[in-house]
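Residue numbers (the working numbering): 35 to 296.
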């Protein structure tokens, strides 16, 4: 009887093990690869639809953005920030990290272009209408990106110098940490005027474009981009860069007012 019982238990154990081995093993869903993109603050709005379109086509990749002034982003990269793709609003910050061999010159591509404009609060119906009115007594504060690290501020300073206004308005300048802060100053009415990109002004219902910067008054506004040499996810970052330069990506950029890349 004991032998019969042991045989029965053995048979049941074997059957149980066979059933377990035949059952399908559950597979955990692989988390998408996160790509870190440090991009100029003026790209914040347009990157929302670009991110949606790219991630829809590439479900295994998740984009994480770090927006700021190009000069600040450059410094973060030089200090070792884990960035896969850098998109600047000027050539100088990109040239700086190329010089430090953090990016290969051959990897740099031009994403897009932009324009510099003078704006005022929409709520200020009797506000300025020309560049020369920046020196009027009614203009107490003018917002400008800090030329030390904000490309929009550097372009804006060049315009004011070209028009012979820089020395006359310096005492009225309120410096922003990036171009979006400058836009916020104007939107809130804290300042009577500000210098931003045309794409920033186009996304706001609270400002009026007074004038575009005269032709030749500043270096061309360009957005170079490159995958870093030490990028943790270089292949995925290259995929996003290619998407940005594709007809689909360039169409979105044009819809937001940017000029085409190369």
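Glycine included, every Cβ here is placed at the ideal spot set by N, Cα and C.
Small disclaimer: the values here were computed from a predicted structure and weren't measured.
Three-state secondary structure (DSSP) at residue i?
i	result
residue 100	strand
residue 72	strand
residue 154	strand
residue 127	helix
residue 298	This structure does not reach residue 298, given that the chain is present from 35 up to 296, and the question cannot be answered.
residue 223	coil
residue 163	coil
residue 173	coil
residue 205	helix
Assuming contact is defined by CB atoms lying nearer than 8 Å, are residue i and residue j in contact in what I supplied?
i	j	result
residue 151	residue 255	no
residue 261	residue 275	yes
residue 153	residue 210	no
residue 175	residue 112	no
residue 268	residue 118	yes
residue 191	residue 251	no
residue 198	residue 187	no
residue 72	residue 97	no
residue 230	residue 213	yes
residue 69	residue 271	yes
residue 273	residue 95	yes
residue 221	residue 242	no
residue 253	residue 189	yes
Could you name the residues of the same chain whose beta carbon sits closer than 7 Å to that of residue i, not counting the 5 residues immediately before and after it, in chain order?
i	result
residue 202	169
residue 84	278, 283 and 286
residue 161	154, 155 and 226
By Cβ distance, which residues of its chain are closer than 8 Å to residue i, with the 5 residues on each side in sequence left out?
i	result
residue 77	101, 121, 123 and 257
residue 164	244 and 245
residue 67	94, 95, 96, 267 and 270
Starting from residue i, trace the alpha helix (DSSP H) both ways and give me its first and last residue.
i	result
residue 194	185–196
residue 90	78–91
residue 168	Per DSSP, residue 168 belongs to no alpha helix (DSSP H) and is neither H nor E.
residue 269	268–279
In the DSSP assignment, the beta strand (DSSP E) including residue i goes from what residue to what residue?
i	result
residue 245	241–246
residue 256	255–261
residue 119	119–121
residue 235	Segment 232–236 is the alpha helix (DSSP H) holding residue 235; no beta strand (DSSP E) there.
Straight-line CA distance for residue i to residue j?
i	j	result
residue 283	residue 237	18 Å
residue 61	residue 137	With a pLDDT of 44 at residue 61, under the threshold of 50, the modelled position of that residue is not reliable, and the figure given next carries that caveat. Rounded to the nearest angstrom, the two C-alpha atoms are 38 Å apart.
residue 147	residue 87	21 Å
residue 248	residue 140	32 Å
residue 132	residue 265	14 Å
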